[in-house]
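K.L.:
Please read through the structure below; I'll follow up with questions.
Chains as they are written, first to last, in our numbering: chain C, 1 to 296; chain P, 297 to 609.
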């Protein structure tokens, strides 16, 4: 029983990170109807910004840790908005395939520039937050896990408030519902899309830092696998649906952790794709998504 | 005799003819030429999926890996038993290699079918991610199969790939893809590319067309893999990674999706460029990625499309 709870806890903390990344995919899909391939590399850049900031600041302090987290989020928000401005905005209205190819191009550019600038060898991420371990009834809980769950929870609540309680959030929902109608009632779509990229990239950066705290070895290709899995999580929950992305992330993280704790641990990475195929075959709209018929 | 068939025969004869002179050709030139040929097969077969049919596959290197490994398994494990002690002579070896290539191609096609059936119900973006994931899974599987060398790589295949084999297969690939696309049946691919909803509305089973294109593309990728492994004589799962798939995708996009001649030119260009630009090899992927972005912004129809406008966005 305690082993089950332990795995559940590990799964939730991994799932929370997937959820943070998945939110970025889902929000961008909501306003632009395309999958931002470069998102997983923004996640990687977030971890590296954290790495450089973390080396400047004293380790094991709450204040330092929060500074690193916020700094990386701001840096990545700017990066995300720049990518949108330079690569995606000129293609507004172009066929989806062209946008997709551009997104792959941006993703590769970030990865290989990263290999050139940061070097291809993995680096050890500094311990920016204080570390402690608690034992509660046979469960081993590390402060990092609590940190991951806590930070993700806070960010998701903030996101929910932004989307549902602010003017820009209302505008985001309007654009996602119908971009042309939104423009007619005076929403500046470009500003909204830019803001969405900024928000999603900031969440990816937070995910990157939290991931690096738990798995403290970072390299320029670290984003690929978590990025793919977060994308699966976004589809699992229903792409374009914000609570769905959170749910999908948590589910995927938990399932993956249980699989890697069982005798099938070598198939850990394959399980996400298995889930993807099953979901696409039986419920392509995702768990919380609404099935829409394509109209001509 | 119809024109394409005549061209095919001429091309086959020419490749055999040049091959008999291969002793007199500089070894380096021959080496590069075979690399070019293999890349042409890969690019033309991917063009059937990404260009003519308008889907977006990112896992072509995975199918190449299936072909490379399984055809090598045939020549390495079955070869000595079938050919006997004296080595079987040129005809025996040729037959074995042809069989190995076909088996590699069929296995790749089967992998394509397995992947295509669930994923081709999806539209562009999803399909790209699913094929990317599957390409990686195929690579991971080969990394874990110890009989095929595992992570260290697979060696021991005989050097069967010659100029004639390579360019014979190039000619067959271009011929098959060209005839297929220009046939009555092949209009279905173009219709799927141009407007999937309209194609469905007039009664075309677009999923079926997508799967057929995908399976045929995978088959030729498998053939290219078989040629590649019997040319390099050592294969390694890392050689079939995502970067390799991207390289093929860049060829197709640079040449202009759906433009066979352009894609061939792009394959030649992109195989020769790294040879010329060896000193800046580490920037190669950065250049490719920038090329993708800039092309989509400035010239989405590809470098080599001048007159035809069909399928152009």
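Think of the CB as a built atom: it goes at the ideal place given N, C-alpha and C, for glycine as much as any other residue.
Quick one: grab the DSSP three-state call for residue 609 of chain P.
P.N.:
Residue numbering aside, residue 609 of chain P sits at position 313 when the second chain is read from its first letter. With a pLDDT of 42 at residue 609 of chain P, under the threshold of 50, the modelled position of that residue is not reliable, and the figure given next carries that caveat. Coil, per DSSP.
K.L.:
Could you have a look at residue 123 of chain C and say whether DSSP puts it in helix, strand or coil?
P.N.:
The sequence position of residue 123 of chain C within the first chain is 123, counting from 1. In the structure shown, residue 123 of chain C sits in a strand (DSSP, three-state: E or B).
K.L.:
Taking 9 angstroms as the threshold (C-beta atoms), are residue 8 of chain C and residue 152 of chain C in contact?
P.N.:
Within the first chain, numbered from 1, the residue matching residue 152 of chain C stands at position 152. Within the first chain, numbered from 1, the residue matching residue 8 of chain C stands at position 8. Cβ distance not < 9 angstroms, so residue 152 of chain C and residue 8 of chain C don't count as in contact.
K.L.:
Which same chain residues, not among the five before or five after residue 190 of chain C, have their C-beta less than 8 angstroms away from its C-beta?
P.N.:
For the purposes of this step, residue 190 of chain C is identified with residue 190 of the first chain, where counting begins at 1. Around residue 190 of chain C: 89.
K.L.:
Apart from the five residues just before and just after residue 300 of chain P, which ones in its own chain have a Cβ nearer than 7 angstroms to its Cβ?
P.N.:
What you label residue 300 of chain P is simply residue 4 of the second chain in a count that begins at 1. Once the five neighbours on either side are set aside, the close Cβ partners of residue 300 of chain P are 471, 474 and 475.
K.L.:
Under a Cβ-count criterion, where at least 16 other Cβ atoms within 10 Å of its own Cβ denotes burial, should residue 51 of chain C be classed as buried or exposed?
P.N.:
Numbered from its first residue, the first chain carries residue 51 of chain C at position 51. Under a 10 Å Cβ-count criterion, residue 51 of chain C is classified as buried, with 16 or more other Cβ atoms of the shown protein chains found around its own Cβ.
K.L.:
Closer than 7 angstroms, Cβ to any Cβ of chain P: which residues of the region 92-112 of chain C, in chain order?
P.N.:
94, 95, 96, 97, 98, 100, 101, 102, 104, 105, 106, 108, 109 and 112
K.L.:
Whose C-alpha, out of P:376, P:498 and P:548, is nearest the C-alpha of residue 454 of chain P?
P.N.:
Taking the first residue of the second chain as 1, we reach residue 454 of chain P at position 158. For residue 454 of chain P, the closest alpha carbon among the candidates P:376, P:498 and P:548 is that of P:376.
K.L.:
Tell me, please, which residues DSSP counts as bridged to residue 218 of chain C.
P.N.:
Taking the first residue of the first chain as 1, we reach residue 218 of chain C at position 218. Its beta-bridge partners are C:123.
K.L.:
Using a Cβ-Cβ cut-off of 8 angstroms (strictly less than) and excluding sequence neighbours within five positions of residue 591 of chain P, which residues of its own chain qualify?
P.N.:
Reading the second chain from its first residue, position 295 is the one you call residue 591 of chain P. These residues qualify, in order along the chain: 549, 550, 598 and 599.
K.L.:
In the structure shown, what three-state DSSP assignment does residue 34 of chain C receive?
P.N.:
Position 34 of the first chain, counted from the first residue, corresponds to residue 34 of chain C. Residue 34 of chain C falls in the coil class under three-state DSSP.
K.L.:
Which of the three DSSP states, helix, strand or coil, is assigned to residue 441 of chain P?
P.N.:
Your numbering for residue 441 of chain P matches position 145 in the second chain. The answer is coil: DSSP assigns residue 441 of chain P none of H, G, I, E or B.
K.L.:
Grab the span of the alpha helix (DSSP H) containing residue 136 of chain C for me, first residue to last.
P.N.:
Residue numbering aside, residue 136 of chain C sits at position 136 when the first chain is read from its first letter. Judged by DSSP secondary structure, residue 136 of chain C falls outside any alpha helix (DSSP H) and instead within the beta strand (DSSP E) spanning 133-136.
K.L.:
Buried or exposed: which applies to residue 265 of chain C, given that a residue is buried once 16 or more other Cβ atoms fall within 10 Å of its Cβ?
P.N.:
The count along the first chain starts at 1 and reaches residue 265 of chain C at position 265. Residue 265 of chain C should be labelled exposed.
K.L.:
In chain C, which residues lie less than 9 angstroms from residue 505 of chain P when you measure between Cβ atoms?
P.N.:
Here residue 505 of chain P is taken as the residue at index 209 of the second chain, counted from 1. The premise fails here: residue 505 of chain P is roughly 17 angstroms from chain C at the closest Cβ pair, so nothing lies under 9 angstroms.
K.L.:
What three-state label does DSSP hand residue 450 of chain P in the structure shown?
P.N.:
Looking up residue 450 of chain P in the second chain gives position 154. Three-state result, residue 450 of chain P: strand.
K.L.:
Can the beta-carbon of residue 314 of chain C be found closer than 9 angstroms to that of residue 204 of chain C?
P.N.:
The first residue shown for chain C is 1 and the last is 296, placing residue 314 of chain C beyond what the model contains.
K.L.:
Whose C-alpha, out of C:272, C:268, C:261 and C:183, is nearest the C-alpha of residue 248 of chain C?
P.N.:
The count along the first chain starts at 1 and reaches residue 248 of chain C at position 248. The option with the nearest alpha carbon to residue 248 of chain C is C:272.
K.L.:
Helix, strand or coil for residue 353 of chain P per DSSP?
P.N.:
For this step, residue 353 of chain P is matched to residue 57 along the second chain. The answer is coil: DSSP assigns residue 353 of chain P none of H, G, I, E or B.
K.L.:
Within this structure, are the beta carbons of residue 289 of chain C and residue 227 of chain C separated by less than 9 angstroms?
P.N.:
What you label residue 289 of chain C is simply residue 289 of the first chain in a count that begins at 1. What you label residue 227 of chain C is simply residue 227 of the first chain in a count that begins at 1. Going by C-beta atoms, residue 289 of chain C is not nearer than 9 angstroms to residue 227 of chain C.
K.L.:
Tell me the rounded alpha-carbon separation between residue 607 of chain P and residue 347 of chain P.
P.N.:
Stepping through the second chain from its first residue, residue 607 of chain P is reached at position 311. Stepping through the second chain from its first residue, residue 347 of chain P is reached at position 51. At residue 607 of chain P, the pLDDT of 48 sits below 50, so the modelled position is not reliable and the matter cannot be decided from this model.
K.L.:
Spell out whether any CB of chain P is found under 9 angstroms from the CB atom of residue 35 of chain C.
P.N.:
Here the question's residue 35 of chain C lines up with position 35 in the first chain. Closer than 9 angstroms: yes.
K.L.:
Can you check whether the C-beta of residue 609 of chain P is within less than 9 angstroms of a C-beta belonging to chain C?
P.N.:
For this step, residue 609 of chain P is matched to residue 313 along the second chain. Confidence is the limiting factor: at residue 609 of chain P the pLDDT is only 42, short of 50, which leaves the residue's position unreliable, though a coordinate-based value still follows. Yes, its Cβ sits closer than 9 angstroms to a Cβ of chain C.
K.L.:
Cα separation between residue 341 of chain P and residue 262 of chain C?
P.N.:
As a working note, residue 341 of chain P is residue 45 in the second chain. As a working note, residue 262 of chain C is residue 262 in the first chain. In a straight line, the C-alpha of residue 341 of chain P is about 41 angstroms away from that of residue 262 of chain C.
K.L.:
Among P:516, P:559 and P:509, which has the Cα closest to the Cα of residue 344 of chain P?
P.N.:
In the second chain, the residue the question calls residue 344 of chain P occupies position 48. Among P:516, P:559 and P:509, the Cα nearest to that of residue 344 of chain P is on P:509.
K.L.:
Chain C partners of residue 585 of chain P, CB-CB under 9 angstroms?
P.N.:
Working through the second chain from its first residue, we reach residue 585 of chain P at position 289. Within chain C, the residues near residue 585 of chain P are 104, 105, 106, 107, 108, 109, 110, 111, 112 and 113.
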